[in-house]
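Structure, as structure tokens:
2 protein chains.
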Amino acid sequence: MSDLSFRNWQSVQDEVLRRINSRLWKPGDLIPNEAELATEFGCARATVNRALQNLADSGLLDRRRKAGTRVTLHPIRKATLDIPVIRREIEGKGHTYLYSLISSQTVIPPQGIIGRMQLKPDDRLLHLVCVHMADGKPYVFENRWINPRVVPEVSGVRFIDQSPNEWLVENIPFSSGDITFSALSATKFESGILACKESEGLFVIDRSTWRGGEAITSVRLIFAPGYQMHTDI
Amino acid sequence: MSDLSFRNWQSVQDEVLRRINSRLWKPGDLIPNEAELATEFGCARATVNRALQNLADSGLLDRRRKAGTRVTLHPIRKATLDIPVIRREIEGKGHTYLYSLISSQTVIPPQGIIGRMQLKPDDRLLHLVCVHMADGKPYVFENRWINPRVVPEVSGVRFIDQSPNEWLVENIPFSSGDITFSALSATKFESGILACKESEGLFVIDRSTWRGGEAITSVRLIFAPGYQMHTDI
DNA sequence: GAGTGGTCTAGACCACTGT
DNA sequence: CAGTGGTCTAGACCACTCC
Chain A
1 MSDLSFRNWQ
11 SVQDEVLRRI
21 NSRLWKPGDL
31 IPNEAELATE
41 FGCARATVNR
51 ALQNLADSGL
61 LDRRRKAGTR
71 VTLHPIRKAT
81 LDIPVIRREI
91 EGKGHTYLYS
101 LISSQTVIPP
111 QGIIGRMQLK
121 PDDRLLHLVC
131 VHMADGKPYV
141 FENRWINPRV
151 VPEVSGVRFI
161 DQSPNEWLVE
171 NIPFSSGDIT
181 FSALSATKFE
191 SGILACKESE
201 GLFVIDRSTW
211 RGGEAITSVR
221 LIFAPGYQMH
231 TDI
Chain B
234 MSDLSFRNWQ
244 SVQDEVLRRI
254 NSRLWKPGDL
264 IPNEAELATE
274 FGCARATVNR
284 ALQNLADSGL
294 LDRRRKAGTR
304 VTLHPIRKAT
314 LDIPVIRREI
324 EGKGHTYLYS
334 LISSQTVIPP
344 QGIIGRMQLK
354 PDDRLLHLVC
364 VHMADGKPYV
374 FENRWINPRV
384 VPEVSGVRFI
394 DQSPNEWLVE
404 NIPFSSGDIT
414 FSALSATKFE
424 SGILACKESE
434 GLFVIDRSTW
444 RGGEAITSVR
454 LIFAPGYQMH
464 TDI
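If you read the sequences in order, they're chains A and B. For the first sequence, the working numbering puts the final residue at 233, and the numbers step up evenly by one. For the second sequence, the working numbering puts the final residue at 466, and the numbers step up evenly by one.
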């Protein structure tokens, strides 16, 4: 059946993919174990392992010790999004980047932020409001909260020349975070800042980042009309 | 310096992460090569390789043969999104799923679709318009184009009981695809279908999938107000 | 208890690329 | 050309989990 042509993990992966896509191995089917495949393909078990593990990571195979490897019944496709610094995103598109700080103050945050960042009731946060512009036109509105108790370094920064987005990425490592994507209708306030019509549909990213058990920062990014986030799968 | 405690690739990765986050190794720095780290950690080079490769995949390290491994200067965080079948997404939230086909016809598609799917000028596509509902309320509007030349199986399907979304995922494997996320303002048409106010901001996903060099299908999903897409990083 | 995947090892060769 | 990461191998042991 097979010749000696499966000498590396990529070709093994391609062959397994071929068998899945051709429905030789159907969704739900148990496939041969690693040792058998290694024999069939004429390579080491570790090579087969690498290929199958990669396919399991992308959601096409389900693997469990003792139970073996099965073709995923209802595959959940995974897309990977790049989350660049806003300045680099804009410059990467060939536009001129400009940043403008609108306001900066230390205040007791609203309930929504307290909940999302799991703050103590009397925590005061640095609240920054600013706009990133591409070729002079508003690109995204950044509404950010930073916890100075967790990030004391922030007290020495003015955020005049550098946006909080960029400063945080370059200076404050984080251990985990969560992102929510949604859409909203521009209020009068947002339409003013982003130079768009009131009630226009806008793309929104809410993101919080954590270090250990404490929230570092939480931000809402509201993008100007026409913004698109793209990826390949 | 180090004891014998780095016996597996995860602990090696943790230690490397610690050195990056503590700024012992700063962005741009060249770190020791695999052989040196293996000696220091008291493990095999393959174990170090696995750890560093994983970190490079998540964008924290830059690795090049001969040039060595550096801490990424401007890390691009990557988020992984799960893209489930709509029915499962709704049922997974504990809602009752309902699907309704609005129209189905084979027509010459508009220019935008011809371009996006790189069709021949006289290709006719199956055009399906339908709505997915959660607990009886509109959840997402599916506007789909399928190329019957690439997917002849589609001719036997009525899409009365099963949505094109679900049928395609379960029956038509694809080799690649692209996704675009954006926001738009509801037109009168969309506000009618999704039972929302006209001009309300709506979350939109455009997705095309390909097999070999040919486009299988292209779809625009317009979600009802309030929809959120969430992930952890 | 036994079968499966998960991982580690020591060694080897190769592929790429900076100098 | 030489140094680095990328990968393969054969063998081993372990961890999990189904029966």
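All residues carry an ideal CB built from backbone N, CA and C; glycine is no exception.
Is the segment 416-434 of chain B touching the segment 173-186 of chain A in the sense that three or more CB pairs, one from each, lie closer than 8 Å?
Taking a cut-off of 8 Å on C-beta distances, the segment 173-186 of chain A touches the segment 416-434 of chain B, as three or more cross pairs fall below it.
Three-state secondary structure (DSSP) at residue 133 of chain A?
Three-state DSSP puts residue 133 of chain A in a strand.
Strictly by DSSP, which residues pair up with residue 412 of chain B?
Residue 412 of chain B pairs with A/231 and B/440.
Using the beta-carbon count (16 or more within 10 Å), is residue 472 of chain B buried or exposed?
No answer is possible for residue 472 of chain B: the residues shown for chain B start at 234 and end at 466.
Take the Cβ of residue 235 of chain A as the centre, count every other Cβ of all protein chains shown within 10 Å, and call the residue buried at 16 or more, exposed below.
Absent from the structure is residue 235 of chain A, since the part of chain A shown begins at 1 and ends at 233.
Answer with buried or exposed for residue 445 of chain B, where buried requires no fewer than 16 other C-beta atoms within 10 angstroms of its C-beta.
With a 10 Å radius around the Cβ and a threshold of 16 neighbouring Cβ atoms, residue 445 of chain B comes out exposed.
Can you give me the start and stop residues for the alpha helix (DSSP H) that residue 421 of chain B sits inside?
Following the DSSP letters along the chain, one finds residue 421 of chain B inside the alpha helix (DSSP H) bounded by residues 421-427.
Output, in sequence order along the chain, the residues in the segment 82-98 of chain A whose CB is closer than 7 Å to any CB in chain B.
Contact residues of the segment 82-98 of chain A toward chain B are 82, 83, 84, 85 and 88 (C-beta to C-beta distance below 7 Å).
Residues within the segment 432-457 of chain B neighbouring chain A, beta-carbon criterion of under 9 Å:
For the segment 432-457 of chain B, the set of positions with a beta-carbon nearer than 9 Å to some beta-carbon of chain A reads 432, 433, 434, 435, 436, 437, 439, 440, 442, 444 and 456 in chain order.
If you reduce the DSSP assignment to three classes, tell me which class residue 162 of chain A lands in.
In the structure shown, residue 162 of chain A adopts coil according to DSSP, grouped into three states.
Would you tell me roughly how many angstroms separate the C-alpha atoms of residue 244 of chain B and residue 136 of chain A, rounded to the nearest one?
Each residue's alpha carbon lies about 47 Å from the other.
Within chain A, partners of residue 284 of chain B - CB distance below 9 Å
What residue 284 of chain B touches in chain A: nothing, since even the nearest Cβ is about 15 Å away.
Express the C-alpha separation of residue 427 of chain B and residue 436 of chain B in angstroms, rounding to a whole number.
Straight-line Cα distance between these residues: approximately 12 Å.
CA-to-CA distance, residue 252 of chain B to residue 267 of chain B, given in whole angstroms:
About 15 Å.
Determine the DSSP secondary structure at residue 39 of chain A, reduced to helix, strand or coil.
The answer is helix: DSSP assigns residue 39 of chain A an H, G or I state.
Round the Cβ separation of residue 150 of chain A and residue 214 of chain A to the nearest angstrom and send it over; I've been treating them as touching at under 8 Å.
In this structure, residue 150 of chain A and residue 214 of chain A form a Cβ contact; the two beta carbons are roughly 5 Å apart against a cut-off of 8 Å.
With 16 other CB atoms within 10 Å as the buried threshold, where does residue 236 of chain B fall?
Here residue 236 of chain B scores only 48 on pLDDT, less than 50, and its place in the model is too uncertain to base an answer on.
With a CB to CB cut of under 8 Å and the five nearest residues on each side skipped, what residues in its chain are close to residue 410 of chain B?
Taken in chain order, the residues that qualify are 440, 441, 442 and 443.
Continuous beta strand (DSSP E) stretch holding residue 316 of chain B: start and end
Residues 310-316.
Reduced DSSP category for residue 282 of chain B - H, G, I as helix; E, B as strand; rest coil:
Helix.
Report the three-state DSSP secondary structure of residue 3 of chain A (helix, strand or coil).
No answer about residue 3 of chain A holds up, because its pLDDT of 48 lies below 50 and its placement is not dependable.
Would you check if the distance between the CB atom of residue 82 of chain A and the CB atom of residue 393 of chain B is smaller than 7 Å?
No, they are not a contact pair.
Of all the residues that make up the segment 18-32 of chain A, which are near chain B by a beta-carbon distance shorter than 9 Å?
For the segment 18-32 of chain A, the set of positions with a beta-carbon nearer than 9 Å to some beta-carbon of chain B reads 20, 21, 22, 23 and 27 in chain order.
Integer Cβ distance of residue 142 of chain A from residue 221 of chain A, believed to fall under 8 Å
Contact holds; Cβ gap of about 6 Å.
Relative to the C-alpha of residue 293 of chain B, which candidate in A/170, A/134 and A/231 has its C-alpha closest?
If we check each option's Cα against that of residue 293 of chain B, A/170 comes out closest.
So what's residue 451 of chain B in DSSP terms, helix, strand or just coil?
Residue state, collapsed to three classes: strand.
Ignore the nearest five residues each way along the sequence and tell me which others in residue 390 of chain B's own chain have a CB closer than 7 Å to its CB.
Cβ within range, chain order: 400.
Which residues share a DSSP beta bridge with residue 103 of chain A?
According to DSSP, which records beta bridges pairwise, residue 103 of chain A is partnered with A/129.
Whose CA, out of A/26, A/40, A/7 and A/127, lies closest to the CA of residue 406 of chain B?
The residue from A/26, A/40, A/7 and A/127 with its alpha-carbon nearest to that of residue 406 of chain B is A/26.
Out of curiosity, what's the CA-to-CA distance linking residue 22 of chain A and residue 6 of chain A?
Take the alpha-carbon of residue 22 of chain A and the one of residue 6 of chain A: they are about 18 Å apart.
Could you tell me which residues DSSP pairs with residue 141 of chain A in its beta bridges?
Bridge partners of residue 141 of chain A according to DSSP: A/131 and A/222.
Quick check on residue 234 of chain B: buried or exposed, where buried means 16 or more other Cβ atoms within 10 Å of its Cβ?
Low confidence applies here, because residue 234 of chain B scores a pLDDT of 46, under 50, leaving its location unreliable; read the following figure in that light. With a threshold of 16 other beta carbon atoms within 10 Å, residue 234 of chain B falls short and is exposed.
Where residue 326 of chain B and residue 38 of chain A are concerned, what is the direct C-alpha to C-alpha distance, given to the nearest angstrom?
About 41 Å.
Using three-state DSSP, classify residue 245 of chain B as helix, strand or coil.
DSSP places residue 245 of chain B in helix when its eight states are reduced to three.
Quickly, what does DSSP pair residue 418 of chain B with across the bridge? List them, please.
Checking the DSSP bridge columns, you'll see residue 418 of chain B partnered with B/434.
Kindly give me the distance between the Cβ atoms of residue 364 of chain B and residue 371 of chain B, rounded to whole angstroms, as I take these residues to be in contact under 8 Å.
Sure, about 6 Å apart at Cβ, within 8 Å.
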